[in-house]
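Data first, discussion second: the structure below is written as C-alpha cells.
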Amino acid sequence: MDANPGPARPDRKTIEKKRRMHMKSLYARLNALLPCSKKGVSLPLPELLDESVSYIKDLQKKLDQMKETKSPLAGSMGSEISTITPHLDLREVDGRVGAAIITDARDWSVFCKVVEVIEEEGGEILSANVTIVGNKAFYIIHSLVEKDNSGSEAIRVSEKLRNRVKSIL
C-alpha cells in the first residue's frame, strides 16, 4: 500500500513544461506591448528584453518632461483663476432690477450677496440663471422690487448692490 493516499504530485517534467509555457505567454504579451512589434514576428529573447527596457526608459523620460511642463502651466492657471474680479452690471426698468454678474466659477459669494440684498430690500427674485464657461461663471438675476411713492426703489436697490459688491473686492 501507498503511504500517501492523496492525489499524486505532478512530476518535475510537467511542472517545468507549465513554467516554460507560462514564460512563453508572458514574453508574447511583452512583445505585443512594444510599439514596434508586428503581428506574428517575435524578436529573439535578449533583443526583446533590451527593446523593452529602452522603451520603458523612453516612456519615463517623456513622463518626466510632461510633469515639468505641467507644473508651470498649473501654477499659471491657478494664478489666472484668482485674478478674476467680479463684474456687476445692473439695469433698472419699471421697478424691475436685472443683474448680470461675471465671476470665478468657484466663487458663489457675489451671487449670494446680490440675492441677499434684493431680498433684504423687499424684492422678489423672478429668475436666476447660471452659466459656467471655463473658469468663469455668468449669473443673470431678474427681480421685481416693490415700488414706493417716489418710484426710486429700484435705483436704491441698485446702489446698494453696487456698494455691496465693491465691499467684497
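Heads up: the sequence shown begins at 1 in full-length UniProt numbering, then just goes up one per residue.
Positions of the beta carbon are idealized from the N, C-alpha and C atoms, including for glycine.
Alpha-carbon to alpha-carbon, residue j and residue i
i, j, result
"Glu159", "Glu121", "12 Å"
"Leu59", "Met23", "24 Å"
"Glu80", "Ser109", "Confidence is the limiting factor: at Glu80 the pLDDT is only 48, short of 50, which leaves the residue's position unreliable and the question unanswerable from this model."
"Asp104", "Gly98", "20 Å"
"Phe138", "Thr131", "5 Å"
"Tyr146", "Asn129", "Checking the sequence shown, residue 146 turns out to be Glu, not Tyr. Straight-line Cα distance between these residues: approximately 22 Å."
"Ile84", "Glu124", "29 Å"
"Pro10", "Arg20", "15 Å"
"Phe111", "Asp94", "23 Å"
"Lys70", "Lys113", "36 Å"
"Leu161", "Val117", "7 Å"
Simplified DSSP assignment, three categories, for residue i
i, result
"Glu120", "helix"
"Ile84", "coil"
"Asp104", "strand"
"Glu159", "helix"
Same chain, Cβ closer than 7 Å to residue i, neighbours up to 5 away in sequence not counted
i, result
"Leu48", "Tyr27, Leu30, Asn31"
"Ser127", "His142"
"Leu34", "Glu51, Ser52, Tyr55"
Cutoff 6 Å; reference residue i; Cβ partners in own chain excluding five residues on either side
i, result
"Leu88", "Ile101, Val165"
Sequence-distant residues of the same chain with beta carbon closer than 8 Å to residue i, five excluded per side
i, result
"Val115", "Ile125, Ala128, Ile141"
"Lys61", "none"
For this session: For the UniProt domain "BHLH" (7 to 59), list the alpha helix (DSSP H) runs that are entirely contained and at least 4 residues long, ordered along the chain.
Result: 12 to 33
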